[in-house]
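*Asks:* So for the sequence shown, this note's numbering puts the first residue at 4; every next one is plus one. So that we are looking at the same thing, I have put the structure below in structure tokens.
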Amino acid sequence: MSVFPLPDLGEGLFEAELQAWHVAPGDRVKAGETVATVETDKALVEVASPEAGVIAALCVAPGARVVVGAPLLVFEGGQGEGARRDAGTVVGELPTAAPPPRPAARGAGAEPARRAGRAAPAVRAH
């Protein structure tokens with residue numbers, strides 16, 4: 004089983020009111036399919052499924068307020084084996100990138116590189 008929490012809805016919003024479910028327990032859903040509509044202080048938002056699977060349970064009743072990160076629904080099995088908690092903000096895996104290279108150390112007598120560009124006459128005089 005995997006739990007799908009209410010994802011971060013952005014713009015500093017920490018909760019929403021569940022307006023309607025678009026799925027029921029036992030329904031098979033596709034990744035990206037709308038599963039619920041929630042209302043924030045700013046707008047109605049459609050919440051999409053982060054994965055394909057069968058809905059095992061709905062954790063919130065319509066009209067209830069839900070805090071970001073609280074369980075919204077539960078999938079039977081899901082894509083992975085065993086229990087897992089979906090963060091609800093990223094679907095799939097993000098590649099890990101190597102850290103950017105550090106700039107080369109400058110020698111004791113080296114002058115900083117100058118960039119061509121616009122500058123006030125008083126600045127260019129120095």
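Even glycine gets a Cβ: it sits at the ideal position worked out from N, Cα and C. Everything numeric in this text was worked out from a predicted model, so none of it was measured.
1. Assuming residue 58 contacts residue 76 (C-beta within less than 8 Å), just tell me the rounded distance between them.
2. So residue 52 is in the beta strand (DSSP E); what residue range does that whole segment cover?
3. Determine the contact status of residue 53 and residue 10, defining contact as a CB-CB distance below 9 Å.
4. Taking the beta strand (DSSP E) that residue 43 belongs to, which residues open and close that run?
5. Output yes or no for whether 9 Å exceeds the beta carbon distance between residue 22 and residue 46.
6. Taking DSSP as the reference, what is the three-state secondary structure of residue 19?
*Replies:* Quick look at the numbers:
1. 6 Å
2. First-last for residue 52: undefined, no H or E at that position.
3. yes
4. Run containing residue 43: none; DSSP gives neither H nor E here.
5. no
6. strand
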